[in-house]
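Before any comments, here is the structure.
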Amino acid sequence: MTRYKVIIEYDGKNFCGWQKQRSLISIQGTIEESLYKFCGKNISVFGAGRTDKGVHAKGQVAHFDLEEGDLEDKNYKLGKLTMGLNFYLSRACNNEISIIKTSKVDKEFHSRFSAKGRKYKYTILNKQTPSPLLKDKTWRVPLSLNILLMQKASTLLIGKHDFSAFRSIDCQSKSPIKTIDSINIIKNNELIDIYVEAKSFLMNQVRIIAGTLVEIGLNKKTEKDILLALKTYTRSHAGATAPPNALVLEKVVY
């Protein structure tokens, strides 16, 4: 049995999220169906992170195990595995999922538990008028945002905290305590990118952080609200949950 690591890019707009769910179309399920068509066997795919409905990925990582015979019988090499999967994925979802790279790894490798960090990017379009080209990949905020206030407030979230106020009510994580390694906010004309990196995240955590920083940039909240959210664990002190379509899993670090 050989373990394969794949790097995946996808547009999450038409999926229920990464994780398989009955009667819903998921990223994980679609890849497993393509693997079945490729080698004729039911193969389980394990992802590095469970992105939510509508969230995209540029560098999602997953692994699965195949017997050498599954490839040898079809005379497939590693590159053919990548192309073969993409062939079936293109038919299944019109190129909304793509295998960017495939490599063999040790059996001890686990896409989720071996990861040392995950990096997300949240993109805001700070513009009065809509952009048809960017509407599916950004959150448009028409009022001017104070970037300096957002950057200063973001430093309060870095480090180890109880992020109960920054998680979805549906979050199933056993502990609300997480460590944010870095938050960087970069403005490029009308686009504002918020990069957040940590070993792991709570459900909706990055989107709530983005929503909170936007409200601070609009002078609707202050640094005091972040401090109270972290101290009292009260959801109302944090901002609204930002839309999923502007969030991208950029990279998984090993």
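If you read the sequence shown in this note's numbering, its first letter stands for residue 13, the second for the next number, and so on.
Note that the Cβ used here is the ideal one computed from N, Cα and C, for glycine as well.
Owing to the predicted nature of the structure, the values given are computational and were not obtained by experimental measurement.
From residue i to residue j, what does the alpha carbon distance come to, in whole angstroms?
i, j, result
"Ile136", "Ser102", "29 Å"
"Leu160", "Asn200", "14 Å"
"Arg62", "Thr141", "33 Å"
"Ile195", "Gly223", "14 Å"
"Asn107", "Leu78", "24 Å"
"Gly229", "Asp118", "46 Å"
"Val218", "His75", "24 Å"
"Ile220", "Thr246", "13 Å"
"Glu259", "Thr150", "Here residue 259 is Leu; the residue named in the question, Glu, does not match the sequence. Approximately 8 Å, taken between the alpha carbons."
"Thr253", "Asn216", "7 Å"
"Asn257", "Gly52", "34 Å"
"Ile206", "Ser166", "10 Å"
"Asn231", "Pro154", "14 Å"
"Leu36", "Ser248", "31 Å"
"Ile19", "Leu146", "24 Å"
"Asn87", "Gln184", "Confidence at Asn87 is low in this model, with a pLDDT of 45, below 50, so its placement is unreliable and the value that follows should be read with caution. Computed Cα separation, rounded: 43 Å."
What did DSSP end up calling residue i once you bin it into helix, strand or coil?
i, result
"Ala104", "helix"
"Asn200", "strand"
"Leu169", "helix"
"Phe125", "coil"
"Gly66", "coil"
"Gly29", "coil"
"Asp77", "strand"
"Glu21", "strand"
"Ser187", "coil"
"Lys149", "coil"
"Glu262", "strand"
"Ile109", "strand"
"Ala241", "helix"
"Ala210", "strand"
"Leu230", "coil"
"Ser248", "helix"
"Arg219", "helix"
Mind checking whether residue i and residue j have CB atoms under 8 Å apart?
i, j, result
"Asp64", "Gly129", "no"
"Ala69", "Tyr22", "yes"
"Glu262", "Lys131", "yes"
"Lys236", "Glu227", "no"
"Ile109", "Thr42", "yes"
"Ile189", "Lys172", "yes"
"Ser5", "Tyr266", "There is simply no residue 5 to check, as the chain begins at 13 and stops at 266 in what is shown."
"Arg124", "Ala60", "yes"
"Leu242", "Asp174", "yes"
For residue i and chain D, any beta-carbon pair shorter than 8 Å?
i, result
"Val265", "The structure shown contains no chain D; it holds only a single protein chain."
Quick check on this structure: which residue in the options has the alpha carbon closest to the alpha carbon of residue i?
i, options, result
"Leu239", "Ala250, Lys232 and Gly229", "Ala250"
"Gly29", "Val67, Ser56 and Ile20", "Val67"
"Val57", "Lys49, Ile39 and Ile197", "Ile39"
"Leu203", "Glu120, Ser143 and Val73", "Ser143"
"Gly71", "Leu169, Lys17 and Lys25", "Lys17"
"Gln163", "Ile37, Phe27, Val208 and Gly52", "Val208"
"Cys105", "Asn26, Leu169 and Leu145", "Asn26"
"Lys139", "Leu145, Ser166, Asn257 and Arg152", "Arg152"
"Leu169", "Lys32, Lys49, Ser46 and Phe213", "Phe213"
"Phe121", "Pro255, Lys186 and Arg15", "Arg15"
"Phe50", "Asn98, Ile20, Ser35 and Ser185", "Asn98"
"Asn158", "Glu45, Val264 and Leu225", "Leu225"
"Glu80", "Met13, Ile55 and Tyr134", "Met13"
"Thr114", "Asn54, Lys133 and Val73", "Val73"
"Gly24", "Thr191, Gln184, Asp148 and Lys186", "Asp148"
Within the present structure, is the beta-carbon of residue i separated from the nearest heavy atom of the ligand MG by less than 7 Å?
i, result
"Ile111", "This structure lacks the ligand MG, and indeed carries no ligand of any kind."
Three or more C-beta pairs below 8 Å linking the stretch 170 to 182 and the stretch 90 to 99 | no
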